[in-house]
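J.: Going by my numbering, the sequence shown opens with residue 1, and the numbers climb by one from there.
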Amino acid sequence: MICYYRNSNGAEINLMKYPYRLITADFFDYEWEEQTYNGKIYGFSRKQFEKNIRLDVFCKASEFPSAMNTLESIISVDILNDTPGKLYVNGEYLSCFIKGVKKEEWEAGIYTVVTLSVLSDHPHWINELSQHFYAKDSSLNEETGEFLEYPVDYSFDYTFTDIGSQNWYIDHVSSCPFLLTIYGPVTNPRILVNGRVIEVYTTLEGNEYLILDSRNHTIIKYLSNGTTQSLYNNRYMEQSVFNRIGPGAVLVSWPGTFGFDIVAYIERNEPKWVNR
Numbered sequence: 001m002i003c004y005y006r007n008s009n010g011a012e013i014n015l016m017k018y019p020y021r022l023i024t025a026d027f028f029d030y031e032w033e034e035q036t037y038n039g040k041i042y043g044f045s046r047k048q049f050e051k052n053i054r055l056d057v058f059c060k061a062s063e064f065p066s067a068m069n070t071l072e073s074i075i076s077v078d079i080l081n082d083t084p085g086k087l088y089v090n091g092e093y094l095s096c097f098i099k100g101v102k103k104e105e106w107e108a109g110i111y112t113v114v115t116l117s118v119l120s121d122h123p124h125w126i127n128e129l130s131q132h133f134y135a136k137d138s139s140l141n142e143e144t145g146e147f148l149e150y151p152v153d154y155s156f157d158y159t160f161t162d163i164g165s166q167n168w169y170i171d172h173v174s175s176c177p178f179l180l181t182i183y184g185p186v187t188n189p190r191i192l193v194n195g196r197v198i199e200v201y202t203t204l205e206g207n208e209y210l211i212l213d214s215r216n217h218t219i220i221k222y223l224s225n226g227t228t229q230s231l232y233n234n235r236y237m238e239q240s241v242f243n244r245i246g247p248g249a250v251l252v253s254w255p256g257t258f259g260f261d262i263v264a265y266i267e268r269n270e271p272k273w274v275n276r
C-alpha cells in the first residue's frame, strides 16, 4: 500500500516509511445516507465524514523528537491555512483536514502510537485523468518537429494528436467534474463535448489562458500582466458549461485553432485496492 499526506503548502510525509508505520485505518469503509419522504427512499447522499488513521512512530531516542516535530509541522498547516490537504492512498487522494491527534505510550521517547482524525467535506477519493488537445499551428513547430511549451508548467508528456476531433474514454461508472484550461491566442473559444457546448466569450493573447472549474463553478482568466479576471458572466448560457463529463466514450470537437487541457476528476467511494 502507498499512503502519504501532502499538506496545503505541498510538504509531504510518508506514513509507510521509517520512522512512521501505518498500523490500521478505515480508508475502505463508507456509508451512504438515505433520503426519505413519506417512508419511501428517493435518493442517497454523502456529507462530511471522518476517518481515523492509526500509526506508530518508532526510532532511536536521538531521532524521536525530530520525527514527532516533523509530523506536527506538516499535519497542522492546513487548519491554520483554512485550506485542505490531501491524503493519498494507492494513487488516489482525499481532500481533508487533520482535525485531531492522539498520542499513546510516548513516555519512553523512542516509540508512540498516533491516531489521526481526518475530516473531509468532499467524501470521495479522487483520481485525476488528464487529456491534452493541441492547436494545429501552435502545438508543433513544423520546421523542427518539436513541441512548444504552454505558459503554464505541466509535468506531462505531450504527444501530437488529431486536430479538430478527438476521442477520449473515461473508464468510470458515473460522470465526472472537470477542470478545463484553454490557452491563447484565441477569440471566443468553443468546444463540443459529446455535442454539448462549452464556450467562453473572451480574447486570450498568446501568453494568456483561462481555467474553467466545474466543481466550483468558476471561470478565471489569467492575463499577461499577472492579474486575473472572472469570466463567469461571459460563458455560454443556453446550457450549463459546468455539467459533468463522461463516463465512457467522449467525443471532443473544436476548431483546431487553439490548445487546451481537460482534467477529469474520477470520484470513488474507496481507494483502489492494489497488490501488496
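Even glycine gets a Cβ: it sits at the ideal position worked out from N, Cα and C.
Tell me whether the beta-carbon of Thr282 lies closer than 8 angstroms to the beta-carbon of Tyr209.
T.: Past the edges of the chain, shown from 1 to 276, lies residue 282, and the structure says nothing about it.
J.: List the DSSP bridge partners of Cys96.
T.: BP columns for Cys96 point to Gly85.
J.: Taking 8 angstroms as the cut-off, decide whether the C-beta atoms of Leu22 and Ile41 are in contact.
T.: Cβ distance not < 8 angstroms, so Leu22 and Ile41 don't count as in contact.
J.: I need the boundaries of the alpha helix (DSSP H) containing Asn69, first residue and last residue.
T.: Taken as a continuous stretch (DSSP letters only), the alpha helix (DSSP H) holding Asn69 covers Phe64 to Ile75.
J.: Determine the burial state of Thr144: buried for a count of at least 16 other Cβ atoms within 10 Å of its Cβ, exposed for fewer.
T.: Caution is warranted here: a pLDDT of 39 is assigned to Thr144, below 50, making its placement in the model unreliable, and no coordinate value can be reported.
J.: Alpha carbon to alpha carbon, how far is Phe178 from Leu15? Give it in angstroms, no decimals.
T.: Roughly 29 angstroms separates the two Cα atoms.
J.: According to DSSP, is Ile2 helix, strand or coil?
T.: Ile2 falls in the coil class under three-state DSSP.
J.: Tell me which residue opens and which closes the beta strand (DSSP E) that Arg54 is part of.
T.: Residues Phe49 to Phe58.
J.: Find the nearest neighbour of Glu92 within the set Val114, Leu80 and Tyr4, judged by alpha-carbon distance.
T.: Per the Cα distances, Tyr4.
J.: Tell me whether Leu80 sits in a helix, a strand or coil according to DSSP, three-state version.
T.: Leu80: helix per DSSP, three-state reduction.
J.: Since Asp261 and His132 are thought to touch, with beta carbons under 8 angstroms apart, how far apart are those beta carbons, to the nearest angstrom?
T.: Correct: roughly 5 angstroms between the Cβ atoms.
J.: Which partner residues does Ala249 have in the DSSP bridge list?
T.: DSSP output for Ala249 lists Tyr169 as bridge partner(s).
J.: So, do the region 102-122 and the region 54-66 have three or more beta carbon pairs nearer to each other than 8 angstroms?
T.: They touch, by the three-pair rule.
J.: Just tell me which of Pro65, Asp29, Ile2 and Asp121 has its CA closest to the CA of Lys17.
T.: Looking at the Cα atoms, Ile2 is the closest of the given residues.
J.: Spatial neighbours of Lys19 within its chain, please: CB distance less than 7 angstroms, with the 5 preceding and 5 following residues excluded, ordered by chain position.
T.: One detail in the question is off: residue 19 reads as Pro in this sequence, not Lys. Excluding residues within five positions, the ones whose Cβ falls inside 7 angstroms are Val57, Phe58, Cys59, Glu63 and Ala67.
J.: What is the residue span of the beta strand (DSSP E) that Lys40 lies within?
T.: Per DSSP, Lys40 belongs to the beta strand (DSSP E) from Lys40 to Ser45.
J.: Are the C-beta of Asn275 and some C-beta of chain D separated by less than 8 angstroms?
T.: Absent here is chain D; the protein component of the structure consists of one chain.
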